[in-house]
Amino acid sequence: MRIELNVNGTVHEIEVEPRTTLLDCLRDRLDLKGAHAGCEHGVCGACTVLFDGAAVRSCLMFAAQATGSAITTIEGVTPGPGELSPIQDAFCETHGLQCGYCTPAMIMAAHALLAGNPAPTREEIVEAISGNICRCTGYAQIVEAIALAAERMRGVNRPRSLTE
Ligand code: FES
Ligand code: FES
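With positions in the sequence shown counted from 1, the corresponding number in the numbering used here is that position plus 316.
As structure tokens, this is what we get:
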């Protein structure tokens with residue numbers, strides 16, 4: 317079947333099988349490898365992308381279901397080539413990533429959270445990433461990264477040492 321997918325602001329016309337997942341379509345057809353395949357059955361969250369702004373597991377959706385919606389992947393959140401979004405920047409600064417396998421999904425979950433809640437509590441951050449597994453168990457730094465990004469995105473761009 318032929319579908320139209322709006323990914324990171326660009327509409328792609330793609331031929332897919334009805335059973336093709338959104339995750340496989342992004343990775344294999346559009347060459348967007350940032351959404352990772354972990355468990356591929358809805359448990360780990362590594363495949364998280366934004367679906368009309370909401371964080372969803374792309375391994376649990378068919379590509380055809382995404383027709384007419386806006387999909388955002390980690391490749392779509394950077395301000396420009398070679399630049400990092402404030403959330404990506406904060407992950408680097410707080411050592412919020414180790415092997416990096418969970419990282420794109422964690423960042424997409426953070427984007428979804430901060431879009432609707434610019435000043436989340438620690439509990440709200442923990443809740444927002446509770447569906448995402450980090451095999452390196454770097455949860456404390458991930459929570460710290462999202463809190464730092466939230467502060468900076470609210471316009472409080474101070475060095476971290478002055479905000480603690
Ligand atoms: S790969 Fe989708 S939830 Fe694990
Ligand atoms: S940084 Fe390795 S899985 Fe999270």
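Don't be surprised by glycine CBs; every beta carbon is placed ideally from N, CA and C.
For the 8 Å CB-CB criterion, Q414 and G454 form a contact. Sorted by chain position, residues whose beta-carbon lies closer than 6 Å to a non-hydrogen atom of ligand 1 are A353, G354, C355, E356, G358, V359, C360, G361, A362, C363, R373, C375. Straight across, the Cα-Cα distance linking T410 with S401 is about 14 Å. At a cut-off of 7 Å, the beta-carbon of Q414 counts as near ligand 2: some heavy atom of the ligand is closer than that. Between ligand 2 and the CB of R451, the shortest heavy atom gap is smaller than 7 Å.
Where R468 is concerned, the enclosing alpha helix (DSSP H) starts and stops at 455 to 469.
A distance below 8 Å between beta-carbons, with the five flanking residues on each side excluded, links R343 to the following residues of its chain, in chain order: K349, A351, A353. Approximately 6 Å separates the beta-carbon atoms of Y417 and A362; this is inside 8 Å, confirming the contact.
A direct Cα-Cα distance of roughly 25 Å separates I390 from R318.
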